[in-house]
Each structure stands twice: as structure tokens, then as C-alpha cells.
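Visitor: Have a look at this one.
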Amino acid sequence: MKIKKSFTLLEMLVVIGIIAVLVSVGISSYSTVQKKARDAKRKSDLKTIQSAMEQYYSICGYEYPASLGTNIYCASPTIGIMPVVPNDPKTITPYPCSPCSTAAYTVCTTLESETPSNYCISNQQ
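Residue numbering for the sequence shown is 1 to 125, as defined by our numbering.
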């Protein structure tokens with residue numbers, strides 16, 4: 001009689017359990033990495049908006065745009081400073097500018113993975 005070598009049920013359950021633990025750790029780590037990447041994109045977007053607002057200020061008569069729309073153009077002279085204003089990477093909505101006037105601006109976002117979660121840029125810094 002020939003004896004077949006095979007895995008027992010207990011060995012199979014142990015291996016499946018180990019794989020399940022590794023998968024759950026990987027999924028949670030992946031989620032954290034995604035949140036940190038979106039936060040880095042948000043911070044980069046706000047720095048880009050701040051740079052465009054300051055360029056607008058120096059080129060367009062020493063005042064800021066009255067609102068932060070989908071683009072930042074200077075009417076006189078006609079210069080496209082920021083053809084497309086970036087949006088939040090998760091919600092795809094524009095970053096709020098409040099207050100946004102010809103004298104001052106503050107643009108804020110909410111970060112997912114940092115405390116405090118509010119991150120703002122303004123001309124008052």
C-alpha cells in the first residue's frame with residue numbers, strides 16, 4: 001500500500017489564517033498611504049494657488065482676484081496666470097476661498113491623515 005503525503009486540515013486553516021492577517025494589514029497600510037498622498041497633493045495645490053494669487057497681485061495692479069473661480073486671469077493686461085485652478089483630489093470640488101477679496105485671501109482644505117486637520121494658506125502669512 002502506498003501512503004500519500006498531504007496537508008492536514010489544521011495546516012490548511014493555519015495557512016489561510018496567516019494569509020488573511022497579511023491581507024488585512026496590507027489593505028490598512030494601503031489606505032493610509034492613499035490618505036497621505038491626497039494630503040500631499042492638497043498641500044501642493046494650495047502652494048500653487050498661493051503662487052498664482054501672488055503673481056496676479058504683482059501683475060494686475062496690486063490687488064487679488066475677487067473670487068477663486070475655475071481659472072485665474074488678469075483682465076488688463078490679459079494674462080492667463082492659472083488656466084485651471086486645481087480641485088480637491090478626493091471630492092473633486094474647488095478649494096474654498098474665504099474671505100476672498102481684492103485685499104486679502106485665505107484658501108483652506110481639510111487633511112485626512114494629519115492633526116490638526118485644517119490646512120490654510122493666505123496672503124497674511
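The beta carbon of each residue, even a glycine, is placed where N, CA and C say it ideally should be.
Rounded to whole angstroms, how far is the Cβ of Cys97 from the Cβ of Ser67, which I believe are closer than 8 Å?
Guide: Looking up residue 97 in the sequence shown gives position 97. Looking up residue 67 in the sequence shown gives position 67. Indeed they touch by this definition, with Cβ atoms about 7 Å apart.
Visitor: I need the boundaries of the beta strand (DSSP E) containing Tyr122, first residue and last residue.
Guide: Indexing the sequence shown from 1 puts residue 122 at position 122. For clarity, residue 122 is Ser in the given sequence; the question names Tyr instead. Per DSSP, Ser122 belongs to the beta strand (DSSP E) from Asn118 to Ser122.
Visitor: Quick check on DSSP: helix, strand or coil for Val107?
Guide: Counted from its first residue, the sequence shown places residue 107 at position 107. Correct three-state label for Val107: strand.
Visitor: How big is the Cα-Cα spacing for Lys35 and Tyr119?
Guide: Locating residue 35 in the sequence shown gives position 35, counting from the first residue. Locating residue 119 in the sequence shown gives position 119, counting from the first residue. Their Cα atoms are separated by approximately 15 Å.
Visitor: If you measure between the beta carbons of Tyr105 and Asp45, is that distance less than 8 Å?
Guide: The residue labelled residue 105 in the question sits at position 105 within the sequence shown. The residue labelled residue 45 in the question sits at position 45 within the sequence shown. In this structure, Asp45 does not lie closer than 8 Å to Tyr105 by Cβ.
Visitor: Could you tell me whether the Cβ atoms of Val84 and Gly69 are closer together than 8 Å?
Guide: Counted from its first residue, the sequence shown places residue 84 at position 84. Counted from its first residue, the sequence shown places residue 69 at position 69. The answer is no: Cβ separation not under 8 Å.
Visitor: Taking C-alpha atoms, which residue in Arg42, Pro89, Leu22 and Thr93 lies nearest to Ile121?
Guide: Taking the sequence shown and counting its residues from 1, one reaches residue 121 at position 121. Of Arg42, Pro89, Leu22 and Thr93, the residue nearest in Cα terms is Arg42.
Visitor: Could you spell out where the alpha helix (DSSP H) holding Tyr57 opens and where it closes?
Guide: To locate residue 57, count along the sequence shown from 1; it is residue 57. It spans Leu9 to Ile59 - the alpha helix (DSSP H) in which Tyr57 sits, taken as one unbroken run.
Visitor: State the start and end residues of the unbroken beta strand (DSSP E) segment that holds Pro99.
Guide: What you label residue 99 is simply residue 99 of the sequence shown in a count that begins at 1. Note, Pro99: beta strand (DSSP E), Cys97 to Cys100.
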